[in-house]
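The next block holds one structure in the form of structure tokens; read it before the comments.
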Ligand code: FIX
Ligand code: ZN
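In our numbering, the protein residues as written are 1212 to 1635.
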């Protein structure tokens, strides 16, 4: 091989270069395109009031949850800043992320001057900031989490339609947790939208089944959704008599087939174990990998993106992916998105799955976060891949840079698109 890499120093440079320069497709975020009129969050005050930081602040502040929640956004941000950054060292992942982001935006992190950071954003528009952040983060596409059960978002889709999907950097997904887990309330939304469904979901109620399928297909098409998705509690079982299991079998997976899109399962979240914390009140629990196994086995023609929230589920999930080619493992989700766990999980996935997985998504809620979430993840992924390629090098195998670049492009971008399209 003429251009083969013949020393480990060059090998490491090629690996880090490939990981840092490959444009990313970020397959799960809570970001919004500029057309979503103010739903998109950005700026240092939203960075500081990210729910991860609220959870950490509530462990160190004398304020009650209620007192903290009564503050306005600026006051909340100032309180988080004082509590987590001034009164204590900000070495938690979410704190460090704020500083990585500010530094990468060119701000003097050592100044600790929050008012100067705020001032820097003056005069910027969200639209202009999107250009800046996508370039700084090396992200080419993000997938949004689009929820037709959110009244504000539903109204925008009904009013603006495909005007919401014109920015190719923001691609929609159709999120359906409320349908699966709150039918008793959410069936009314479907009725308001003209779908003739009943107050109780039953597979024997053929009208409700048909109309629910029609709703999913209509909204999947309206959004041009790349996938349908939902999160699941640790005790989710499949198949079962639960409405969620019945809806999957009779409506959701049918709709995915008609739309020819995957279904994304995010498994292992226990919602609002501490309701007073709001979004920060969710918890992790070890889930049943057997439920994922059975849904992949029973629906071989369907494709499933799966991420699990519990560290204890990661090895089982990676082994399961060796059994089912219609299962694509993705991301180090939420409480796993910390360098020590990203490293452990990514190394295990490389050893079990080679290049056939998607190592990360950002789950960003604030646009600026794309910068740190991908900076921190690239650093770890590059470190792990270096070890894997060095081990390979020690066998006598020799690689060209283009082969490493190919592998990294698969991991950070192409595996997602090939799985969406059904070509792997
Ligand atoms: O279900 C989800 O999409 C979770 O990612 C969110 O509920 C969670 O709040 C989050 O943003 C975690 O990073
Ligand atoms: Zn999410």
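Yeah, the Cβ is synthetic: ideal placement off N, Cα and C, and Gly gets one too.
Residue i burial status per 10 Å Cβ neighbour count (16 or more: buried)
{"i": "residue 1253", "result": "buried"}
{"i": "residue 1302", "result": "exposed"}
{"i": "residue 1608", "result": "exposed"}
{"i": "residue 1547", "result": "buried"}
{"i": "residue 1508", "result": "exposed"}
{"i": "residue 1523", "result": "exposed"}
{"i": "residue 1579", "result": "buried"}
{"i": "residue 1270", "result": "exposed"}
{"i": "residue 1596", "result": "buried"}
{"i": "residue 1399", "result": "exposed"}
{"i": "residue 1577", "result": "buried"}
{"i": "residue 1304", "result": "buried"}
{"i": "residue 1281", "result": "exposed"}
{"i": "residue 1486", "result": "exposed"}
{"i": "residue 1326", "result": "exposed"}
Straight-line gap, residue i to residue j (C-alpha atoms, nearest Å)
{"i": "residue 1458", "j": "residue 1414", "result": "8 angstroms"}
{"i": "residue 1545", "j": "residue 1213", "result": "43 angstroms"}
{"i": "residue 1599", "j": "residue 1218", "result": "15 angstroms"}
{"i": "residue 1306", "j": "residue 1272", "result": "15 angstroms"}
{"i": "residue 1408", "j": "residue 1428", "result": "15 angstroms"}
{"i": "residue 1243", "j": "residue 1437", "result": "15 angstroms"}
{"i": "residue 1568", "j": "residue 1235", "result": "14 angstroms"}
{"i": "residue 1588", "j": "residue 1411", "result": "43 angstroms"}
{"i": "residue 1561", "j": "residue 1571", "result": "13 angstroms"}
{"i": "residue 1362", "j": "residue 1403", "result": "12 angstroms"}
{"i": "residue 1468", "j": "residue 1421", "result": "14 angstroms"}
{"i": "residue 1612", "j": "residue 1345", "result": "25 angstroms"}
{"i": "residue 1268", "j": "residue 1294", "result": "6 angstroms"}
{"i": "residue 1216", "j": "residue 1635", "result": "29 angstroms"}
{"i": "residue 1332", "j": "residue 1263", "result": "22 angstroms"}
{"i": "residue 1510", "j": "residue 1330", "result": "53 angstroms"}
{"i": "residue 1550", "j": "residue 1405", "result": "47 angstroms"}
{"i": "residue 1520", "j": "residue 1353", "result": "21 angstroms"}
Integer-rounded CB distance, given that residue j should sit under 8 angstroms from residue i
{"i": "residue 1538", "j": "residue 1515", "result": "5 angstroms"}
{"i": "residue 1497", "j": "residue 1454", "result": "Their Cβ separation, rounded to whole angstroms, is 23 angstroms, which puts residue 1497 and residue 1454 out of contact at 8 angstroms."}
{"i": "residue 1448", "j": "residue 1499", "result": "6 angstroms"}
Within-9 angstroms CB hit, residue i to chain C
{"i": "residue 1253", "result": "Reference to chain C is not applicable here, since this structure consists of a single protein chain."}
Residues that DSSP places opposite residue i in a beta bridge
{"i": "residue 1519", "result": "1478"}
{"i": "residue 1237", "result": "1353"}
{"i": "residue 1442", "result": "1477"}
{"i": "residue 1494", "result": "1481"}
{"i": "residue 1192", "result": "No answer is possible for residue 1192: the residues shown for the chain start at 1212 and end at 1635."}
{"i": "residue 1252", "result": "1577"}
{"i": "residue 1678", "result": "Outside the shown range of the chain (1212 to 1635) lies residue 1678, about which nothing can therefore be said."}
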